[in-house]
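Each residue of the sequence shown is one higher than the one before, counting from 1 in full-length UniProt numbering.
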Amino acid sequence: MEEDAWDSSSSDDCVAEPVEFEELEGVAGVQTGVCTPVGLVIHLLSGTHFHAKYEWGAVSCTELIRSMQIYYGSSWYNYVLYRRLGCTERLCGHVRLIVATVKGPRGGTRQVVERLVPAGGVPGSVFEEAGHERLRLAFDDDTAEWPSLEVVPLSGILRIFQVVPDVEALAPAFCMGRGPPETSWGPEDRRAARFLNNKLFKSTTPSQQCAQRMRNKIAAASAGARRARGVDGAIQ
1 MEEDAWDSSS
11 SDDCVAEPVE
21 FEELEGVAGV
31 QTGVCTPVGL
41 VIHLLSGTHF
51 HAKYEWGAVS
61 CTELIRSMQI
71 YYGSSWYNYV
81 LYRRLGCTER
91 LCGHVRLIVA
101 TVKGPRGGTR
111 QVVERLVPAG
121 GVPGSVFEEA
131 GHERLRLAFD
141 DDTAEWPSLE
151 VVPLSGILRI
161 FQVVPDVEAL
171 APAFCMGRGP
181 PETSWGPEDR
191 RAARFLNNKL
201 FKSTTPSQQC
211 AQRMRNKIAA
221 ASAGARRARG
231 VDGAIQ
């Protein structure tokens, strides 16, 4: 693939340098769906606008899909609802690439998404009680290392939707659901750490909290000494 000038018709979108898919680990198979024609030059965008379609009948508005590896020190990849051509079923995907054609047959802007499928609810989960749907990444088979990928045209995107980590499922795997281990902290330290920053404990680490308590004790002792001396400083 050769470098070429960016197409002026897409100048409103955020632009990255042209990239060959074979250079990106795990997504080489996307080339067959996006850049089959020989000599096609593409850009990978960090974001692009589209007209959202809401299933509850709300007026369509413009949304911005992001596929950004670095954004203020972290990544930002949107989750979207989309439909395949000729199908009415709503599907879920995690946007990993936004591809725009620069040179060659024009196919419009497309998204490469990791497919998400329903994972089934967890009994007693607060999310299930609130009516939320639990999702998981879809894989082609049990031995697949990477999730299933699908190329979705921009016209097939319905809207962006919010996804939060399944903390209830992740916590046991990372030993976060167990009781606190035995430490040198006393009841006062644990109480201070539980409420983190507040007007009584300005810092959250045990050493900082101990230092703050010592300063409070010294200040209280000094105030008591001043009260004992009286207003004019003479011993009563």
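Ideal placement from N, C-alpha and C gives every residue a C-beta, glycine not left out.
Review point. Are the region 111 to 123 and the region 87 to 94 touching, with three or more C-beta to C-beta distances below 8 Å?
Key: Output reads yes: the region 87 to 94 touches the region 111 to 123.
Exercise for review: Compute the beta-carbon to beta-carbon distance between ILE65 and THR48, rounded to the nearest angstrom, for a pair I have assumed lies under 8 Å.
Suggested key: Sure, about 6 Å apart at Cβ, within 8 Å.
Check your understanding: Who are the Cβ neighbours of SER75 in its own chain at under 8 Å, not counting the five residues just before and after it?
Key -> Answer for SER75: MET68 and GLN69, listed in chain order.
Review point. Would ALA144 be called buried (16 or more neighbouring beta carbons within 10 Å of its own) or exposed?
Key: exposed
Check your understanding: Using a Cβ-Cβ cut-off of 7 Å (strictly less than) and excluding sequence neighbours within five positions of ILE218, which residues of its own chain qualify?
Key -> none
Practice item. Kindly give me the distance between the Cβ atoms of LEU81 and ARG159, rounded to whole angstroms, as I take these residues to be in contact under 8 Å. Key: 6 Å
Check your understanding: Pick from CYS61, ASN216, ASN78 and VAL59: whose alpha carbon is nearest that of GLN162?
Key -> ASN78
**Study point:** Where PRO147 falls, given that 16 or more other Cβ within 10 Å makes a residue buried
**Key:** buried
Exercise for review: Classify LEU45 as buried or exposed, calling it buried when 16 or more other Cβ atoms lie within 10 Å of its own Cβ.
Suggested key: Around the beta carbon of LEU45, a 10 Å sphere encloses 16 or more other beta carbons of the protein chains shown; the residue is thus reported as buried.
Check your understanding: What do you get for ARG110, buried or exposed, if any count of 16 or more other CB atoms within 10 angstroms of its CB means buried?
Key -> Label assigned to ARG110: buried.
Practice item. Enumerate, from N- to C-terminal direction, the unbroken alpha helix (DSSP H) stretches of 4 or more residues contained entirely within the region 106 to 144. Key: 126 to 129
Exercise for review: With DSSP as the reference, label ALA100 as helix, strand or coil.
Suggested key: In the structure shown, ALA100 sits in a strand (DSSP, three-state: E or B).
Practice item. Provide the residue(s) that pair with TRP76 in DSSP beta bridges, ordered along the chain. Key: Beta-bridge pairing by DSSP links TRP76 to MET68.
Point to revise | Rounded separation between CYS210 and ALA220 - CA only | key: 15 Å
Practice item. Just confirm the distance between the C-beta atoms of residue 243 and ALA100, as a whole number of angstroms; I'd bet it's less than 8 Å. Key: This structure does not reach residue 243, given that the chain is present from 1 up to 236, and the question cannot be answered.
Exercise for review: Using only alpha-carbon positions, find the residue among ASP140, GLY156 and ILE157 that is nearest to LEU149.
Suggested key: ASP140
Check your understanding: Shorter than 8 Å from the beta carbon of LEU135 to some beta carbon of chain C?
Key -> The chain labelled as chain C is not found in the depicted structure, where only one protein chain is given.
Point to revise | N- and C-terminal bounds of the beta strand (DSSP E) containing VAL41 | key: 41 to 51 is the extent of the beta strand (DSSP E) around VAL41.
Check your understanding: Roughly how far, in whole angstroms, is the beta-carbon of ARG84 from the beta-carbon of GLY131, given that I think they are within contact range, below 8 Å?
Key -> Contact flag wrong, Cβ pair sits at about 26 Å.
Review point. Helix, strand or coil for GLY93 per DSSP?
Key: strand
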